[in-house]
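**Student:**
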Amino acid sequence: MVASSFLRKCLTTLAGLLLLSFGSLAASQIEDQTEQFFRSGHTNNWAVLVCTSRFWFNYRHVANTLSVYRSVKRLGIPDSHIVLMLADDMACNPRNPKPATVFSHKNMELNVYGDDVEVDYRSYEVTVENFLRVLTGRIPPSTPRSKRLLSDDRSNILIYMTGHGGNGFLKFQDSEEITNIELADAFEQMWQKRRYNELLFIIDTCQGASMYERFYSPNIMALASSQVGEDSLSHQPDPAIGVHLMDRYTFYVLEFLEEINPASQTNMNDLFQVCPKSLCVSTPGHRTDLFQRDPKNVLITDFFGSVRKVEITTETIRLQPDLGNMESRYKKEWMDEELMEPLKYAEQLPVAQIIHQEVTGHQMLARW
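For reference, each letter of the sequence shown is one residue, going 217 to 584 in the working numbering.
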């Protein structure tokens with residue numbers, strides 16, 4: 217009898233310890249989920265997609281950009297958050313054997329132009345000046361909303377560029393260039409003006425890595441199709457159209473993105489590996505030293521998608537105060553206190569007396 221009572225007490229104690237351990241484990245899991253939930257710190261996504269080349273033989277650059285446009289829309293970024301810049305209209309080019317179409321795969325398997333393409337800047341609107349104005353927000357008040365990058369300090373921005381370039385520059389329509397210094401300074405202005413939370417820069421051009429060498433602003437991750445001194449090569453020749461349909465690097469990036477869905481847990485480290493030298497011929501590069509998070513903790517959909525994160529829990533979670541909101545609230549309270557003081561006019565100079573006073577002889581001599 218005594219033994220059974222002792223055994224019952226031991227079992228009760230053991231059950232209590234197990235419940236406590238399970239409770240602490242559940243609390244730890246909830247804390248981990250909360251940390252993961254707030255890790256990226258962004259609440260909205262934007263994309264700026266730029267083709268800087270014109271003329272029929274640069275068909276592939278337009279197809280590159282439209283293919284990325286198609287992918288980010290499929291993953292959830294709406295047209296209202298995409299700024300699409302195309303330097304030429306290949307769909308309406310008289311050389312196009314299939315009018316109103318742009319294909320990214322040979323044998324005309326995939327039309328990336330479609331019926332719902334919204335081009336925000338086209339033809340001669342695609343200039344270095346307009347591109348920099350879009351990034352920095354220095355746009356005339358009359359500019360339509362569709363041509364604006366209305367991002368904030370909680371925005372993750374994808375910037376994709378393709379065209380012809382060289383060591384430290386990218387050509388716009390064979391008439392002007394943007395340098396890596398100008399691009400780096402534009403990103404710094406964006407950071408100072410709180411226009412992004414994190415920024416992913418991808419460029420497909422010859423010597424593409426030279427374009428991110430001068431970056432110095434925080435929270436920028438950059439990828440390029442080729443190293444300094446290397447050319448980026450084309451892909452998918454189509455005899456019916458008479459030109460190459462895409463560039464190699466963008467082709468394999470998009471092939472990778474086709475396997476991604478809005479709930480995917482694939483990270484940026486996987487994107488770094490999509491186009492090895494054996495496929496691209498050139499050597500793709502990436503830069504992550506300015507980025508605060510580890511790329512393996514950065515989901516592809518943090519930039520290529522727009523997914524609202526929702527976690528359902530019955531537990532109470534303590535959230536840290538939003539310092540930005542507190543700062544704005546204190547600023548408002550300070551302004552309210554200032555406005556409570558009685559307003560009064562400052563003493564003005566006696567302008568009327570100065571104008572109508574008689575000029576003395578000494579003053580007349582001084583004027584002469």
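Where a beta carbon is used, it is the ideal one built from N, C-alpha and C, also for glycine.
(1) Using only the alpha-carbon positions, how far apart do residue 344 and residue 300 sit?
(2) Across which residues does DSSP place residue 463 in a beta bridge pair?
(3) Could you say if the stretch 472-483 and the stretch 287-295 meet the contact criterion of at least three C-beta pairs nearer than 8 Å?
(4) Among 516, 488, 495 and 395, which has the Cα closest to the Cα of residue 503?
(5) On the DSSP bridge assignment, give the partners of residue 403 in chain order.
(6) What three-state label does DSSP hand residue 387 in the structure shown?
(7) Express the C-alpha separation of residue 347 and residue 469 in angstroms, rounding to a whole number.
(8) Anyone know if the C-beta pair for residue 420 and residue 463 falls short of 9 Å?
(9) Just to confirm, is the Cβ distance from residue 390 to residue 339 under 9 Å?
(10) With a 10 Å radius around its C-beta and 16 neighbouring C-beta atoms as the bar for buried, classify residue 354 as buried or exposed.
(11) If residue 350 and residue 282 are in contact, beta carbons under 8 Å, what's the gap, nearest whole angstrom?
(12) Rounded to whole angstroms, what's the CA-CA distance from residue 388 to residue 277? Just pull it up for me.
(13) Between which two residues does the alpha helix (DSSP H) carrying residue 172 extend?
(14) State the start and end residues of the unbroken alpha helix (DSSP H) segment that holds residue 486.
(15) Between the stretch 397-404 and the stretch 415-432, can you find at least three pairs of beta-carbon atoms closer than 8 Å?
(16) Give me the DSSP bridge partner(s) of residue 395.
(17) Could you check if residue 323 is buried or exposed, using at least 16 other CB atoms within 10 Å of its CB as the buried criterion?
(18) Quick one: is residue 432 buried, meaning 16 or more other Cβ sit within 10 Å of its Cβ, or exposed?
(19) Give me, in chain order, the residues of the same chain whose beta-carbon lies closer than 6 Å to that of residue 582; leave out the 5 immediate sequence neighbours on both sides.
(20) Give the secondary structure of residue 471 by DSSP, where H, G and I count as helix, E and B as strand, and everything else as coil.
(21) Can you tell me whether DSSP reads residue 316 as helix, strand or coil?
(22) For the alpha helix (DSSP H) holding residue 494, just list the boundary residues, first then last.
(23) With a threshold of 16 other CB atoms inside 10 Å of the CB of residue 542, please say whether the residue is buried or exposed.
(24) Tell me the rounded alpha-carbon separation between residue 496 and residue 361.
(25) DSSP state of residue 308, grouped into three classes?
(26) For the pair the stretch 365-372 and the stretch 260-267, tell me if three or more CB-CB distances fall below 8 Å.
(27) Which residue comes first and which comes last in the alpha helix (DSSP H) that contains residue 503?
(28) Considering only residues of the same chain and omitting the five flanking positions on each side of residue 376, which have a CB-CB separation below 6 Å?
**Tutor:** Inspection of the coordinates gives the following:
(1) Taking the first residue of the sequence shown as position 1, residue 344 is located at position 128. Taking the first residue of the sequence shown as position 1, residue 300 is located at position 84. Between residue 344 and residue 300, the C-alpha separation is close to 14 Å.
(2) Here the question's residue 463 lines up with position 247 in the sequence shown. DSSP output for residue 463 lists 450 as bridge partner(s).
(3) yes
(4) Against the sequence shown, residue 503 aligns to sequence position 287. With distances taken between Cα atoms, residue 503 lies closest to 488.
(5) Here the question's residue 403 lines up with position 187 in the sequence shown. According to DSSP, which records beta bridges pairwise, residue 403 is partnered with nothing at all.
(6) Here residue 387 refers to the residue found at position 171 of the sequence shown. In this structure, residue 387 counts as strand in the three-state DSSP scheme.
(7) Within the sequence shown, residue 469 is the residue found at index 253, counting from 1. Within the sequence shown, residue 347 is the residue found at index 131, counting from 1. C-alpha separation (whole angstroms): 24 Å.
(8) Stepping through the sequence shown from its first residue, residue 420 is reached at position 204. Stepping through the sequence shown from its first residue, residue 463 is reached at position 247. Against a cut-off of 9 Å, the Cβ pair of residue 463 and residue 420 comes out as a contact.
(9) What you label residue 390 is simply residue 174 of the sequence shown in a count that begins at 1. What you label residue 339 is simply residue 123 of the sequence shown in a count that begins at 1. Not a contact, by the Cβ cut-off of 9 Å.
(10) Here residue 354 is taken as the residue at index 138 of the sequence shown, counted from 1. Looking at its Cβ environment, which holds fewer than 16 other Cβ atoms inside 10 Å, residue 354 is exposed.
(11) On the sequence shown, residue 350 is found 134 positions in, with the first residue counted as 1. On the sequence shown, residue 282 is found 66 positions in, with the first residue counted as 1. With 8 Å as the limit, residue 350 and residue 282 do not qualify as a contact, their Cβ atoms being about 18 Å apart.
(12) Locating residue 388 in the sequence shown gives position 172, counting from the first residue. Locating residue 277 in the sequence shown gives position 61, counting from the first residue. Those two C-alpha atoms are separated by around 12 Å.
(13) Any property of residue 172 remains undetermined from this structure, which presents the chain solely from 217 to 584.
(14) Translated into the one-based positions of the sequence shown, residue 486 becomes position 270. Element bounds for residue 486: 484-488.
(15) yes
(16) Within the sequence shown, numbered from 1, the residue matching residue 395 stands at position 179. Answer is 385.
(17) Taking the sequence shown and counting its residues from 1, the one referred to as residue 323 is at position 107. By the neighbour-count rule (16 or more Cβ atoms within 10 Å), residue 323 is not buried but exposed.
(18) Position 216 of the sequence shown, counting from 1, holds the residue named residue 432. Residue 432 comes out exposed.
(19) On the sequence shown, position 366 is the one that residue 582 refers to. Caution is warranted here: a pLDDT of 47 is assigned to residue 582, below 50, making its placement in the model unreliable, and the coordinate value is therefore given only provisionally. Excluding residues within five positions, none has a Cβ falling inside 6 Å.
(20) Here residue 471 is taken as the residue at index 255 of the sequence shown, counted from 1. It is helical.
(21) Translated into the one-based positions of the sequence shown, residue 316 becomes position 100. Coil, per DSSP.
(22) Start at 1 with the first residue of the sequence shown, and residue 494 comes out as number 278. From DSSP, the alpha helix (DSSP H) with residue 494 extends over 493-496.
(23) Mapped onto the sequence shown, residue 542 falls at position 326. Because residue 542 carries a pLDDT of 49, less than 50, the predicted location of this residue cannot be relied on, and no value is offered for it.
(24) For the purposes of this step, residue 496 is taken as the residue at position 280 of the sequence shown. For the purposes of this step, residue 361 is taken as the residue at position 145 of the sequence shown. Going by the C-alpha atoms only, they are around 38 Å apart.
(25) Position 92 of the sequence shown, counted from the first residue, corresponds to residue 308. Residue 308 falls in the helix class under three-state DSSP.
(26) yes
(27) Walking along the sequence shown from the start, residue 503 turns up at place 287. No alpha helix (DSSP H) holds residue 503; the beta strand (DSSP E) holding it covers 501-503.
(28) Mapped onto the sequence shown, residue 376 falls at position 160. Answer for residue 376: 265, 284 and 418, listed in chain order.
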